[in-house]
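Student: Right, I'll just put the structure down here and ask away after.
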Amino acid sequence: MGVQVTEVQKAQRRVKTVRAIRRSTELEGSRSTNATRADQDAYVSGTITAAELRDRVRRRYNIT
1 MGVQVTEVQK AQRRVKTVRA IRRSTELEGS RSTNATRADQ DAYVSGTITA AELRDRVRRR
61 YNIT
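Residue 48 in full-length UniProt numbering is what sits at position 48 of the sequence shown, and the numbering runs on without skipping anything.
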């Protein structure tokens, strides 16, 4: 029997992930654009998945 991850735990993980990404970007002397931050916020709220976040950012910056 495996351990089930609750929705609250998933949400906490998304918050932690986005905070780490933003912190890393800021340590490099940069800042995410407002559009990227809006996408990150959508990911945190569970509106989009990590894959959708990745795809939006790649599309925005023409990354293949």
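All C-beta atoms in this analysis are idealised placements derived from N, C-alpha and C, irrespective of residue type, glycine included.
Nothing here was measured: the structure is a model prediction, and the numbers come from that model.
(1) CB I21 to CB S32, shorter than 9 Å?
(2) What residue range does the alpha helix (DSSP H) around V57 cover?
(3) For the alpha helix (DSSP H) that V18 lies in, which residues bound it at each end?
(4) Is it the case that the Cβ atoms of D39 and L53 are separated by a distance below 9 Å?
(5) So, are the CB atoms of V44 and V5 less than 9 Å apart?
Tutor: The short version:
(1) yes
(2) 50 to 60
(3) 7 to 27
(4) yes
(5) no
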